[in-house]
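I have placed the structure first, in the form of structure tokens, so that the comments after it can refer back to it.
Residue numbers (my numbering): 85 to 240.
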């Protein structure tokens, strides 16, 4: 079913953008809260920010701190603190870069990989399943397309 979209004024467009960004922020907070409640219920001593680092390393093994900072939108000082805590928990380890000894590469440990694969990824899949209930593939693709356009517009 298609409906004709009316032309919107600049003011209406700005109001829609505000509403969109507010709704997007609320959805992000809901994702974060879902995972943090799982951590709390299962007594996992982790934060959402640590989870972001673990996910990045799972997909980008051996990233350096700058690459992780860029991917997780964290400053280097915050990221150093997060990585230090993940090292203390035995979930990641630092290794000297063979090409540049000043640079450290970060890797998941076996324990970190096990935690991701046995617990966190299943929780994430459960969260996505719940979140996407009553949402069609078309609607998801539409949101992805809109977010891509917004990102492109703001990156120019």
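Glycine included, C-beta positions come from ideal geometry on N, C-alpha and C.
Suppose the cutoff is 6 Å on Cβ atoms and the five residues either side in sequence are ignored; what does the same chain contact list for residue 153 look like?
160 and 163
Whole-angstrom distance between residue 112 and residue 212, CA atom to CA atom:
12 Å
Contact belief for residue 133 with residue 144 at Cβ below 8 Å, rounded distance in angstroms
Their Cβ separation, rounded to whole angstroms, is 17 Å, which puts residue 133 and residue 144 out of contact at 8 Å.
Under the DSSP definition of a beta bridge, which residues are partnered with residue 180?
188
Just to confirm, is the Cβ distance from residue 199 to residue 141 under 8 Å?
no
Same chain, Cβ closer than 7 Å to residue 180, five either side skipped, listed in chain order
188
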